[in-house]
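Here the protein sequences come in this chain order: F, R, U and Y.
So the number in our numbering is just where the residue sits in the first sequence, counting from 1, plus 32.
So the number in our numbering is just where the residue sits in the second sequence, counting from 1, plus 32.
So the number in our numbering is just where the residue sits in the third sequence, counting from 1, plus 32.
So the number in our numbering is just where the residue sits in the fourth sequence, counting from 1, plus 32.
4 protein chains.
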Amino acid sequence: MTKPIGRHTWAIAEGYIPPASTGSTREMTSHETVCILNAGDEDAHVEITVYFADREPAGPYRFTVGARRTRHLRFNEFADPEPVPKNTDFSSVIMSNVPIVVQHTRLDSRQPALALLSTIAYPLDQ
Amino acid sequence: MTKPIGRHTWAIAEGYIPPASTGSTREMTSHETVCILNAGDEDAHVEITVYFADREPAGPYRFTVGARRTRHLRFNEFADPEPVPKNTDFSSVIMSNVPIVVQHTRLDSRQPALALLSTIAYPLDQ
Amino acid sequence: MTKPIGRHTWAIAEGYIPPASTGSTREMTSHETVCILNAGDEDAHVEITVYFADREPAGPYRFTVGARRTRHLRFNEFADPEPVPKNTDFSSVIMSNVPIVVQHTRLDSRQPALALLSTIAYPLDQ
Amino acid sequence: MTKPIGRHTWAIAEGYIPPASTGSTREMTSHETVCILNAGDEDAHVEITVYFADREPAGPYRFTVGARRTRHLRFNEFADPEPVPKNTDFSSVIMSNVPIVVQHTRLDSRQPALALLSTIAYPLDQ
Numbered sequence: 033m034t035k036p037i038g039r040h041t042w043a044i045a046e047g048y049i050p051p052a053s054t055g056s057t058r059e060m061t062s063h064e065t066v067c068i069l070n071a072g073d074e075d076a077h078v079e080i081t082v083y084f085a086d087r088e089p090a091g092p093y094r095f096t097v098g099a100r101r102t103r104h105l106r107f108n109e110f111a112d113p114e115p116v117p118k119n120t121d122f123s124s125v126i127m128s129n130v131p132i133v134v135q136h137t138r139l140d141s142r143q144p145a146l147a148l149l150s151t152i153a154y155p156l157d158q
Numbered sequence: 033m034t035k036p037i038g039r040h041t042w043a044i045a046e047g048y049i050p051p052a053s054t055g056s057t058r059e060m061t062s063h064e065t066v067c068i069l070n071a072g073d074e075d076a077h078v079e080i081t082v083y084f085a086d087r088e089p090a091g092p093y094r095f096t097v098g099a100r101r102t103r104h105l106r107f108n109e110f111a112d113p114e115p116v117p118k119n120t121d122f123s124s125v126i127m128s129n130v131p132i133v134v135q136h137t138r139l140d141s142r143q144p145a146l147a148l149l150s151t152i153a154y155p156l157d158q
Numbered sequence: 033m034t035k036p037i038g039r040h041t042w043a044i045a046e047g048y049i050p051p052a053s054t055g056s057t058r059e060m061t062s063h064e065t066v067c068i069l070n071a072g073d074e075d076a077h078v079e080i081t082v083y084f085a086d087r088e089p090a091g092p093y094r095f096t097v098g099a100r101r102t103r104h105l106r107f108n109e110f111a112d113p114e115p116v117p118k119n120t121d122f123s124s125v126i127m128s129n130v131p132i133v134v135q136h137t138r139l140d141s142r143q144p145a146l147a148l149l150s151t152i153a154y155p156l157d158q
Numbered sequence: 033m034t035k036p037i038g039r040h041t042w043a044i045a046e047g048y049i050p051p052a053s054t055g056s057t058r059e060m061t062s063h064e065t066v067c068i069l070n071a072g073d074e075d076a077h078v079e080i081t082v083y084f085a086d087r088e089p090a091g092p093y094r095f096t097v098g099a100r101r102t103r104h105l106r107f108n109e110f111a112d113p114e115p116v117p118k119n120t121d122f123s124s125v126i127m128s129n130v131p132i133v134v135q136h137t138r139l140d141s142r143q144p145a146l147a148l149l150s151t152i153a154y155p156l157d158q
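In structure tokens:
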């Protein structure tokens, strides 16, 4: 499988970084993740824009996903141009120069029993 | 990203507001949410209709999602024209005058360990 | 909203009824649910076929979803032509004479802390 | 229902096998699952390729899903050509010679209260 697969643009309408965690390791820290698969033979240059309820969008946040590689990026680790605030509703749009596949996952460990959610992102271009 | 993205009409077949919560804050109260992203430069005027098992639909519930903004609306806070009953199965249809992206999330805190679910809504128009 | 929306045929590749529950009420009993929205003005006659790993499919299970109504059907309550076994992997295909929207949800209460999953079903006809 | 339904190629951008479990049975062991429905009358020959963050892809892993059957395959039980490492981010692409429907589910039992996620995979060919 070396041909590029997926779409250039995706949207995730849900976004929220839980404000607390019970775990102390990175593995069990509450996180909001965008998983990106680049199955093609060319590096993917990805730009993520984050939308809020009451201010102009933040970003773009820039990442490279190598050829035939996947990256699971955590919004709570975004830093440049600015961190994504915790305990705040947001949405995101993911744009790439080559086709990619995008999925959204949250691990919420505010309570000792963690909770998970995941959904395929919404593909915007045909 | 200022061009409108998404669809005008979406459906969420699942809907349910848990009848209880263990949390006392808004953050940890059980809730059923519809997340709406309006990435375009024009305000989105949104109408939500709620369907039930044994009565005619309720609504429309009307909301505005500003240009380049997101809103995460909680069904358990809907009031006009009528509240959405708890512990009752429902579905919803979301219609907008401009393209939007819609995702469905539930936080269930009936038990001390919360549970989460989420899925992209179903896009109805091409 | 009285025009029919959705598709005639849907598939859910995941299916599993947890073999136990900690709750004693119907609300907290572990369940596997198919949520069906019929937003049109004509009753939907729905047939569900259940697929297994090691035997021929079961069904069809027949249900009516009234005009402008939703039904959240639990696989663990299916009875005719035969019950769906617990603790067994299955898949399902949902066919309707009019367009519907289908979503899949599980509540797992094998442990005191319940877990949830949900996803839109896969629409098969254009 | 004997006509083949679905697509030939699917992608799951999220993949992760939790490194621990609290359950001792197969049922309650943390697992990452790809659920495959073959509703047609011909056996499906499926090849799964697994993508990582920092090395070339693994696979293909080969499976047969019989006519009118479903299989819920666990990545943590993949063995040939190599096991899928735990506690490692991955993605997967699923290819079949006949149309299938694919869904992704995780059961995480690292803590006594299990957590679940599920989403339809992303269909890649029309």
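Each residue gets a CB set at the ideal place from its N, CA and C atoms; glycine is no exception.
Since we're looking at a predicted model, the values are computed, not measured.
Next on the checklist: Considering only their Cβ atoms, is the gap separating alanine 147 of chain R from histidine 136 of chain R smaller than 8 Å?
Outcome noted: no
Checklist entry - Can you find a CB in chain R that lies within less than 8 Å of the CB of arginine 138 of chain F? => result yes
Checklist entry - Got a sec: is the Cβ-Cβ distance from isoleucine 68 of chain Y to anything in chain F below 8 Å? => result no
Checklist entry - Under three-state DSSP, which class holds phenylalanine 107 of chain R? => result helix
Item to check | Any C-beta of chain U under 8 Å from that of isoleucine 152 of chain Y | outcome: yes
Next on the checklist: Does isoleucine 126 of chain R come out as helix, strand or coil in the three-state DSSP assignment?
Outcome noted: strand
Checklist entry - Is it right to say proline 159 of chain R is buried, meaning 16 or more other beta carbons lie within 10 angstroms of its own, or is it exposed? => result In the structure as shown, chain R starts at 33 and stops at 158, and residue 159 of chain R therefore has no counterpart that could be examined.
Checklist entry - Beta-carbon of methionine 71 of chain F versus every beta-carbon of chain Y: anything under 8 Å? => result Note on identity: in this sequence residue 71 of chain F is alanine, with methionine being the wrong assignment. Yes, alanine 71 of chain F counts as interfacial toward chain Y.
Checklist entry - Just reading off the beta strand (DSSP E) that asparagine 70 of chain F is part of, what are its end residues? => result 63-70
Checklist entry - If isoleucine 80 of chain F sits next to valine 66 of chain F, beta carbons under 8 Å apart, how far is it from one beta carbon to the other, in whole angstroms? => result 7 Å
Item to check | C-beta neighbour in chain R for valine 78 of chain U, strict 8 Å | outcome: no
Next on the checklist: Looking at chain Y, is there any beta carbon in it that lies within less than 8 Å of the beta carbon of alanine 99 of chain U?
Outcome noted: no
Checklist entry - Taking 8 Å as the CB-CB limit, is glycine 47 of chain F close to chain Y? => result no
Item to check | Span separating the alpha-carbon of arginine 39 of chain U from that of serine 150 of chain F | outcome: 24 Å
Next on the checklist: According to DSSP, simplified to helix, strand and coil, what is glycine 91 of chain U?
Outcome noted: strand
Checklist entry - For glutamate 59 of chain F, which residues of its own chain have a beta-carbon under 6 Å away from its beta-carbon, when the five flanking residues on both sides are left out? => result none
Checklist entry - Looking only at DSSP bridge pairs, what is leucine 149 of chain F linked to? => result F:Arg138
Checklist entry - tyrosine 83 of chain R lies in the beta strand (DSSP E); which residues open and close that run? => result 76-84
Checklist entry - Any C-beta of chain R sitting closer than 8 Å to the C-beta of arginine 103 of chain U? => result yes
Checklist entry - If we count the other Cβ atoms within 10 Å of its Cβ and call it buried at 16 or more, is glutamine 158 of chain Y buried or exposed? => result Since pLDDT at glutamine 158 of chain Y reaches only 47, below the 50 mark, its modelled position is unreliable, and the value read off the structure follows with that caveat. That one is exposed.
Checklist entry - Terminal residues of the continuous beta strand (DSSP E) containing arginine 39 of chain U? => result 39-44
Checklist entry - Within the 8 Å Cβ cut-off, does leucine 148 of chain F reach chain C? => result Among the protein chains in the structure shown, which are F, R, U and Y, there is no chain C.
Checklist entry - Excluding five sequence neighbours on each side, which residues of the same chain lie with their C-beta closer than 6 Å to the C-beta of methionine 127 of chain Y? => result Thr41 and Glu79
Checklist entry - Under a Cβ-count criterion, where at least 16 other Cβ atoms within 10 Å of its own Cβ denotes burial, should proline 51 of chain U be classed as buried or exposed? => result exposed
Next on the checklist: Can you check whether the C-beta of isoleucine 37 of chain R is within less than 8 Å of a C-beta belonging to chain F?
Outcome noted: yes
Checklist entry - Got a sec: is the Cβ-Cβ distance from tyrosine 93 of chain R to anything in chain U below 8 Å? => result no
Next on the checklist: Given this structure, state the Cα-to-Cα distance separating proline 36 of chain F from tyrosine 83 of chain Y, to the nearest angstrom.
Outcome noted: 13 Å
Checklist entry - So what's tyrosine 48 of chain U in DSSP terms, helix, strand or just coil? => result coil
Checklist entry - Just checking, does the stretch 106-115 of chain Y make contact with the stretch 90-98 of chain Y on the three C-beta pairs under 8 Å criterion? => result yes
Item to check | Whether arginine 101 of chain U touches asparagine 70 of chain U by CB criterion (8 Å) | outcome: yes
Checklist entry - According to the Cβ coordinates, are arginine 142 of chain Y and serine 56 of chain Y closer than 8 Å? => result no
Next on the checklist: Using the Cβ count rule (16 or more neighbours within 10 Å means buried), how would you classify glycine 47 of chain Y?
Outcome noted: buried
Checklist entry - Quick one: which chain F residues come within Cβ less than 7 Å of proline 160 of chain Y? => result In the structure displayed, chain Y extends from 33 to 158; residue 160 of chain Y sits before or after that span and is not available.
Checklist entry - Of all the CB atoms in chain R, is at least one closer than 8 Å to the CB of glutamate 64 of chain F? => result no
Next on the checklist: Just to make sure I have the definition right: I need the residues of chain U whose C-beta is within less than 8 Å of the C-beta of phenylalanine 84 of chain R. Which are they?
Outcome noted: Arg101 and Thr102
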